[in-house]
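Peer 1: Residue numbers (our numbering), protein chains in the order written: chain A, 1 to 255; chain B, 1 to 255.
Even glycine gets a Cβ: it sits at the ideal position worked out from N, Cα and C.
Take this structure first; my questions come after.
Number of protein chains: 2
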Amino acid sequence: MKNERPLILISNDDGITSKGISELVKSLRPLGDLVVMAPDRARSGAACALTVTDPIHYQLLRQEPGLMAYKCSGTPTDCVKLAFHTVLQRKPDLVVGGINHGDNSSVNVHYSGTMGVVIEGSLKGVPSIGFSLCDHSPNADFTPALPYIRRIAAGVLEHGLPPLTCLNVNFPVGELKGARICTQTRGEWTNEWEHFAHRGDAHYYWLTGDYVNCETENEQSDHWALDHGYVAITPVTVDATAYQLMDQLDYLLHE
Amino acid sequence: MKNERPLILISNDDGITSKGISELVKSLRPLGDLVVMAPDRARSGAACALTVTDPIHYQLLRQEPGLMAYKCSGTPTDCVKLAFHTVLQRKPDLVVGGINHGDNSSVNVHYSGTMGVVIEGSLKGVPSIGFSLCDHSPNADFTPALPYIRRIAAGVLEHGLPPLTCLNVNFPVGELKGARICTQTRGEWTNEWEHFAHRGDAHYYWLTGDYVNCETENEQSDHWALDHGYVAITPVTVDATAYQLMDQLDYLLHE
Chain A
1 MKNERPLILI SNDDGITSKG ISELVKSLRP LGDLVVMAPD RARSGAACAL TVTDPIHYQL
61 LRQEPGLMAY KCSGTPTDCV KLAFHTVLQR KPDLVVGGIN HGDNSSVNVH YSGTMGVVIE
121 GSLKGVPSIG FSLCDHSPNA DFTPALPYIR RIAAGVLEHG LPPLTCLNVN FPVGELKGAR
181 ICTQTRGEWT NEWEHFAHRG DAHYYWLTGD YVNCETENEQ SDHWALDHGY VAITPVTVDA
241 TAYQLMDQLD YLLHE
Chain B
1 MKNERPLILI SNDDGITSKG ISELVKSLRP LGDLVVMAPD RARSGAACAL TVTDPIHYQL
61 LRQEPGLMAY KCSGTPTDCV KLAFHTVLQR KPDLVVGGIN HGDNSSVNVH YSGTMGVVIE
121 GSLKGVPSIG FSLCDHSPNA DFTPALPYIR RIAAGVLEHG LPPLTCLNVN FPVGELKGAR
181 ICTQTRGEWT NEWEHFAHRG DAHYYWLTGD YVNCETENEQ SDHWALDHGY VAITPVTVDA
241 TAYQLMDQLD YLLHE
């Protein structure tokens, strides 16, 4: 088995036709055999959502030496689960989500379908990385990020990651000064809804929002890194237990 | 302001017509003024998903002293965000998700729309609790859970919770021996897809699965508590940073 090339599963939340996943595939091809199973349409903001009320479907799009690509009607998390069950011949050595068109740092980790891919990979016991560029444009320029992506993926292939952890890697737009290991920035979304009157009914709203950084001076935070031209590498735990709180909750156990 | 009754926002992922949310409302009415904003249909497995590609809509269903109830076309997370933006007259004192029809312990915390409600409440700076019963039946018997729910909600109203933390509370079926403060069980889902041939196309699959507990002997884990008749109170962090990993990633920073 050790003579095999690494096997890398790729998915995203912008859909199989997005530029970001295409750039990711090109960037990672030298590192191993790639299997792509990505949503057949945009699934931004899908988080770790599952499709539970309907069957889902996948279809082969591209087959060549070192690359198999499929589209899938499910969510990003469905894509990972379904690839493990169907098209992957063995457990992959790496799961990669992205490259996302848009910022997944700070609290966005909770809403991100890209990180849905990564969290699922990690829950399945595979080292997993999400890559995101802070540019929503469909034609965003991923060029400066690509050498970092290849290097980070190669590093994780070599060193692995501890169980129940994964990486959330975000790139600022433009020239990159280097990379930093970061914490998840404390921040919040405000002004989240744009109001639409529709057929005389006033209760229609469309999600939008302004991000507010609540710790702009924290040089260890991922948003600080992005604001200052650095790649933000934020290690993420999929063990959500708040251990520090466990011995403060005795009041809940007694009448 | 201190003379006001507590204001409690309630949502779920089983939808506004489910028995679980109705039981939750009945149980919490003595504790404060309730605002319910819940999905207009089942949204199980929605995690922290957002509706980004379409506007969403809400509608008043019920208005009486101490209770306003709305249905919403969005996800559980949308419901919380939209309630904050529209129908809540002030920041609530508590956000509660549930009572879910089904187990949200262990890794299910990542897929749960109930916990989507709770994580969103916590990100908005409000103490937040998710309640779930390990019974998917639409007519599940929530009776044994109700005194615990009222006591835990009252306790959190009184004591609060530290920033960026919330509670994931799960109830086993049947008689309850008491409550325990727990960790998120290490577990995994296997056999996750049921195969459906459809119109001669072999690539349709429907999500199902068998849960495997990877640490059955861990008496601190939430699944152990549930397996032994205890209410499992698992404190959850919404700061997903894997702090213990931060000083092990230097290899990613250099050529």
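Taking 7 angstroms as the limit between beta carbons, can you name the residues of its chain near B/A242, skipping five residues before and five after?
Peer 2: none
Peer 1: Tell me the DSSP secondary structure of B/A154 in three-state form.
Peer 2: helix
Peer 1: Quick check on this structure: which residue in B/E175, B/L94, B/G113 and B/P147 has the alpha carbon closest to the alpha carbon of B/G125?
Peer 2: B/L94
Peer 1: Please classify A/R41: is it buried, with 16 or more other beta-carbons within 10 angstroms of its beta-carbon, or exposed?
Peer 2: exposed
Peer 1: If we define contact as Cβ-Cβ less than 8 angstroms, is A/H101 a contact residue for chain E?
Peer 2: Checking the listed chains, one finds no chain E in this structure; the protein chains it contains are A and B.
Peer 1: Report yes if the CB atom of B/W206 is closer than 8 angstroms to the CB atom of B/E194, and no otherwise.
Peer 2: Yes, they are a contact pair.
Peer 1: B/P172 to B/I149, Cα distance in whole Å?
Peer 2: 13 angstroms
Peer 1: Is the stretch 51 to 69 of chain A touching the stretch 95 to 115 of chain A, taking contact as three or more C-beta pairs under 8 angstroms?
Peer 2: no
Peer 1: How would you call A/H203, buried or exposed, if buried means at least 16 neighbouring beta carbons within 10 angstroms?
Peer 2: buried
Peer 1: Smallest Cα separation from A/R43: which of A/R151, A/R62, A/S11 and A/G66?
Peer 2: A/S11
Peer 1: Taking Cβ to Cβ, would you say A/T77 is nearer than 8 angstroms to A/G98?
Peer 2: no
Peer 1: Count the other CB atoms, across all protein chains shown, that sit within 10 Å of the CB of A/H223; report buried if there are 16 or more and exposed otherwise.
Peer 2: buried
Peer 1: With DSSP as the reference, label B/I16 as helix, strand or coil.
Peer 2: The answer is coil: DSSP assigns B/I16 none of H, G, I, E or B.
Peer 1: Below 8 angstroms, how does it come out for the stretch 45 to 52 of chain B and the stretch 61 to 81 of chain B: are there three or more Cβ pairs, yes or no?
Peer 2: Taking 8 angstroms as the limit for Cβ pairs, the verdict is that the stretch 61 to 81 of chain B does touch the stretch 45 to 52 of chain B.
Peer 1: Does the stretch 231 to 250 of chain A come within contact of the stretch 177 to 191 of chain B, defined as at least 3 CB pairs closer than 8 angstroms?
Peer 2: yes
Peer 1: What are the partner residues of B/Y70, as DSSP defines its beta bridges?
Peer 2: B/M37 and B/L60
Peer 1: Taking C-beta pairs closer than 8 angstroms, name the residues in chain A that B/T51 reaches, listed in chain order.
Peer 2: Close to B/T51, with beta-carbon spacing below 8 angstroms, are these residues of chain A in chain order: G45 and L207.
Peer 1: Could you spell out where the beta strand (DSSP E) holding B/G97 opens and where it closes?
Peer 2: L94 to H101
Peer 1: Can you confirm whether the stretch 230 to 246 of chain A touches the stretch 83 to 91 of chain B when touching is taken to mean that 3 or more C-beta pairs between the two stretches lie within less than 8 angstroms?
Peer 2: no
Peer 1: Just to make sure I have the definition right: I need the residues of chain A whose C-beta is within less than 9 angstroms of the C-beta of B/E192. Which are they?
Peer 2: K81, L82, F84 and H85
Peer 1: State the Cα-Cα distance for the pair B/V80 and A/A240, rounded to the nearest angstrom.
Peer 2: Across the structure, B/V80 and A/A240 are spaced so that their CA atoms are roughly 21 angstroms apart.
Peer 1: Report the rounded CA-to-CA distance for B/I83 versus B/V36, giving the unit in angstroms.
Peer 2: Position check: residue 83 of chain B holds Ala in this sequence, whereas Ile was assumed. Distance from the CA of B/A83 to the CA of B/V36, rounded to the nearest whole angstrom, comes to 9 angstroms.
Peer 1: Which residues bound the alpha helix (DSSP H) around B/V117?
Peer 2: G113 to L123
Peer 1: Quick one: which residues of the stretch 223 to 243 of chain A get their C-beta closer than 8 angstroms to a C-beta of chain B? List them in chain order.
Peer 2: I233, T234, P235, V236, T237, V238, D239, A240, T241, A242 and Y243
Peer 1: Could you tell me if A/T208 is buried or exposed, where buried requires 16 or more neighbouring beta carbons within 10 angstroms of its beta carbon?
Peer 2: exposed
Peer 1: Relative to the alpha-carbon of B/T190, which residue among B/Y211, B/L176, B/E175 and B/G200 has its alpha-carbon at the smallest distance?
Peer 2: Considering only alpha carbons, the answer is B/Y211.
Peer 1: In terms of residues, what are the limits of the alpha helix (DSSP H) holding B/L245?
Peer 2: Counting along the chain, B/L245 falls outside any alpha helix (DSSP H), and DSSP gives it neither H nor E.
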